[in-house]
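**Q** Per numbering that gives the first Met the number 0, the very first residue in the sequence shown carries number 0; after that it's consecutive. Cβ coordinates follow ideal geometry from the N, Cα and C atoms, glycine included.
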Amino acid sequence: MTMDDREFRTALSSFATGVTVVTAASADGIDAGMTASSFNSVSMNPPLVLWSVTKTAGSAEIFRHARHYAIHVLAADQQALAMRFATTGIDKFDGVAVTHDPHGVPVLEHCVARFDCRQWAVYEGGDHWIIVGEVLGLHKANADTLVFCEGAFGTVNSIRQPELDDDHRELDTESPVDHLLLYNLSRAYRQMSRQFHASVRESGLTVPQWRILASLYGSVTRDFRDLQDRTFLEPESLRDALAELSSAGLCQVAEGGEQVHGTEVGHERVRHLFELGREQELAAADEQTLSTLIEQLSQVVKNTT
Ligand SMILES: Cc1cc2nc3c(=O)[nH]c(=O)nc-3n(C[C@H](O)[C@H](O)[C@H](O)COP(=O)(O)O)c2cc1C
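Shown next, in the form of structure tokens:
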């Protein structure tokens, strides 16, 4: 891949999208499904939507010729399903709850919204097919949407949660949610990361780049999977980011991309961010509280892996 391809993909990944799984069945009844973030609205009247499928996808021909298909907008807790339907060569439907609609289209049981489509047009779009569907049926559930941006998954919670300015802070009276760990974690994360991520960007790194370099700090070698867990990046974005960092001498990738370790230049690039991060944390809580929190949260991370 040339540098330009990578730059193009990186720039595109700054456009936040939802995540869908599109499903259809072949003429001889084989179920197909794939994760797609290229979904978008086209027309209100008639109701049209589009998405695009890479011509090299195993199921591209099924989608190109399908007369009907379903587009499922995934919920915040369906990240694993998104990764499953983005994996070529596995039985994607194994263990997934599906029914079939009257046209034989496999329908996932749980999602935020579903668009039941009839094929309207298929256009040539370079190395993708652009598929336009007429929406014949709609289903909407009350759940948070999964979001995809810069190669990582997130939720709309961070968008929905209102920011209280000083004048309105007294309106923030206690509610049962204040006693939930997740709520406090995401609020603390959101408030603390705002300042820290600004410092990261000021230093000329993106947040995913910082996460990679920070995970490689010291003389550790990490395998690709471990790095994925630590950086919250999906494989393709992690590979792109590693290629970029290694061509700048900030990390080294070995054994066909499976083993990654840091370099002195890479360490140098993030050293001050560790110090800055610590300084900012000490403004939020004292040393003893921080170390207790970190110890206990590390335990929670281990218990939930
Ligand atoms: C978040 C996310 C979004 C994706 N969006 C698209 C897309 O819009 N179009 C596409 O062709 N592939 C997209 N992919 C990649 C496909 O899901 C992947 O190539 C899939 O394995 C193809 O399945 P198949 O080869 O079994 O048909 C996306 C992957 C992820 C993780």
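So what does DSSP say about S40, is it helix, strand or coil?
**A** It is a strand residue.
**Q** Starting from P336, trace the alpha helix (DSSP H) both ways and give me its first and last residue.
**A** Outside the displayed span of the chain (0 to 304) sits residue 336, for which this structure offers no information.
**Q** Write down the C-beta distance between I70 and R113 rounded to the nearest angstrom, noting that I regard them as a contact closer than 8 Å.
**A** 7 Å
**Q** In angstroms with no decimal places, state the Cα-to-Cα distance between D225 and L215.
**A** D225 and L215 have their C-alpha atoms roughly 11 Å apart.
**Q** Just verifying my parser: in three-state terms, what is the DSSP assignment at S51?
**A** Per DSSP, reduced to three states, the secondary structure at S51 is strand.
**Q** Taking C-alpha atoms, which residue in G88, G150, D93 and H99 lies nearest to R8?
**A** G150
**Q** Is any non-hydrogen atom of ligand 1 found closer than 6 Å to the C-beta of T87, if you look at the structure I gave you?
**A** Checking every heavy atom of ligand 1 against the Cβ of T87, one is found closer than 6 Å.
**Q** By Cβ distance below 8 Å, which residues in the same chain neighbour E169 in space, the five residues on each side in sequence not counted?
**A** At E169, the pLDDT of 49 sits below 50, so the modelled position is not reliable; the number obtained from the coordinates is stated separately. None.
**Q** What number of angstroms, rounded off, separates the C-alpha of G32 from the C-alpha of T55?
**A** 14 Å
**Q** Have a look at H260 and Q251 and give me their C-alpha separation to the nearest angstrom.
**A** 5 Å
**Q** Would you list the one or two residues that DSSP bridges to E6?
**A** None, per the DSSP bridge assignment.
**Q** Looking at the strands, I want to know which residues DSSP matches up with T22.
**A** For T22, which the question treats as bridged, DSSP gives the partners G32 and A69.
**Q** Run through DSSP, which three-state label would V300 get?
**A** Reduced to three states, the DSSP call for V300 is helix.
**Q** Suppose contacts are defined by Cβ-Cβ distances below 7 Å. Is V199 in contact with A15 by that definition?
**A** Between V199 and A15, the C-beta gap is not smaller than 7 Å, which leaves the two residues out of contact.
**Q** Does the distance from the C-beta atom of V52 to that of V111 stay below 7 Å?
**A** no
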